[in-house]
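Just so we're aligned: 1213 in the numbering used here is position 249 of the sequence shown, and the numbers increase by one with no gaps anywhere.
Positions of the beta carbon are idealized from the N, C-alpha and C atoms, including for glycine.
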Amino acid sequence: MRDDALRDLVRARAERPESIAAAAAARRRRPLVGPTGRLMLIAADHPARGALGVGDRRMAMASRTDLLDRLLVALSRPGVDGVLVTAELAEDLMLLGALDDKVVIGSMNRGGIPGTAFEFDDRFTAYSADALAAANLDGGKLLLRIDPSDRASADTLEASSRAVSGLAARGLMAMVEPFWVRRDSSGKPVNDLSPDAMIRTISIAQGLGTTSAHTWLKVPVVAEMERVMEASTLPALLLGGDPTQAPEETYAAWQKALQLPTVLGLVVGRTLLYPPGDDVAAAVDTAVSLL
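Structure, rendered in structure tokens:
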């Protein structure tokens, strides 16, 4: 990002904070799913959990201007429908005029910081359903990690249920990302990506709230995807994995899963924003070609 563009952005925030609400209100919206019936979203809500690493680059996402530059490139590519972001990124992108005619999903619960004692007390510290509606956005995403050994998971379940109901009441997408958690030999919590664990969490996630009319699932590509996706009739988006190891195999797995009837698209973040060689446009184009 050029220095003058950064200064303009900071000046707007410092001198005209009301310009953020004005930009949100004026944003041109589009249907959630376009003519192709597919949805391609770029995720960049990782820093709000303190997750700044990409592969062996420990602080890859530390520069906000670099992240914005990468997002602008990704959003400019044909076939990219929108973004999944927290409020400050959505507001920067709106002030930069990059979110017209794009789907914008706001990330909601960012309080469960990895590696902390409160990781599974996953508070809703970002968008609320009311705030998403007020910001003229298209939906909200919530992470649902269930650790059977941690009582705090029950509070996350309850808060997630309220969020799904609140989003539905406002006609906004509720994107639910479910994981069952197990403990490794050192006691560290890790997502259980076995087919049975995914079926179990999908079954729980789709039952959240007073209605599932606006609920979508965000799921990783795991073994036995055909059997896993039979657990639900809700629309689903694939959570893009990390293809730094054997990327051709990763893309092939995405493409195969995209043939399943409930899978309508991709949500991919660091994989495309920080690809090997840093060619964001080429990485995004490859992912779009799979749809």
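Check: Neighbourhood of Ala1116 by C-beta, 6 Å cutoff - its chain only, sequence neighbours within 5 removed; Outcome: Phe1084, Asp1085
Check: Residues bridged to Ser1071 (per DSSP); Outcome: Lys1105
Check: Close-in-space but distant-in-sequence residues of the same chain around Val1044 (CB under 7 Å, 5 per side omitted); Outcome: Met1004, Ile1006, Ala1038, Val1248, Val1252
Check: Unbroken beta strand (DSSP E) run spanning Met1189, endpoints; Outcome: That residue, Met1189, is in no beta strand (DSSP E); its alpha helix (DSSP H) goes 1189–1193.
Check: C-beta contact flag for Met1189 and Ala1210 at 8 Å; Outcome: no
Check: Cβ neighbour criterion (16 or more within 10 Å) applied to Arg1022; Outcome: exposed
Check: Paired residues, beta bridge with Asn1155 - DSSP; Outcome: Val1145
Check: Closest by C-alpha distance to Asp1030, when choosing among Asp967, Ala1177, Pro1184, Ala990; Outcome: Asp967
Check: DSSP three-state assignment for Ala1138, whether helix, strand or coil; Outcome: strand
Check: Contact belief for Thr1226 with Pro1184 at Cβ below 8 Å, rounded distance in angstroms; Outcome: So it is not a contact: roughly 15 Å between Cβ atoms.
Check: Own chain, CB closer than 6 Å to Ala1187, minus 5 neighbours either side, in chain order; Outcome: Pro1159
Check: Same chain, Cβ closer than 7 Å to Leu1157, neighbours up to 5 away in sequence not counted; Outcome: Pro1184, Val1186
Check: Euclidean distance between Cα positions of Ser1113 and Arg1087; Outcome: 18 Å
Check: Own chain, CB closer than 6 Å to Leu1101, minus 5 neighbours either side, in chain order; Outcome: Val1068, Gly1070
Check: Minimum C-alpha distance to Ala1217 - residue among Ser1092, Val1047, Gly1241, Leu1255; Outcome: Leu1255
Check: Local conformation of Met1023 per DSSP, three classes; Outcome: coil
Check: Residues of its chain near Arg1109, where Cβ-Cβ distance is below 6 Å and the 5 sequence neighbours each way are ignored; Outcome: Phe1143, Val1145
Check: Identified DSSP bridge partners for Pro1184; Outcome: Leu1203
Check: Arg992 beta carbon less than 8 Å from that of Ser1094; Outcome: It should be noted that the sequence gives Asp, not Ser, for residue 1094. No, the Cβ-Cβ distance between Asp1094 and Arg992 is not below 8 Å.
Check: Residues that DSSP places opposite Gly1046 in a beta bridge; Outcome: Leu1005, Val1067
Check: Through-space distance from Val1018 to Ala1024, alpha-carbon basis; Outcome: 6 Å
Check: Range covered by the beta strand (DSSP E) that runs through Val1227; Outcome: 1227–1232
Check: Beta-carbon proximity list for Ala1161, same chain, < 6 Å, skipping 5 on both sides; Outcome: Trp1144
Check: The alpha helix (DSSP H) enclosing Arg977, as first and last residue numbers; Outcome: 967–979
Check: Opposing strand residues paired with Val1248 [DSSP bridges]; Outcome: None, per the DSSP bridge assignment.
Check: Pairwise C-alpha distance: Leu1181 and Met1193; Outcome: 10 Å
Check: Residue nearest to Leu1224 in terms of C-alpha spacing, selected from Glu1212, Arg1234, Thr1197; Outcome: Thr1197
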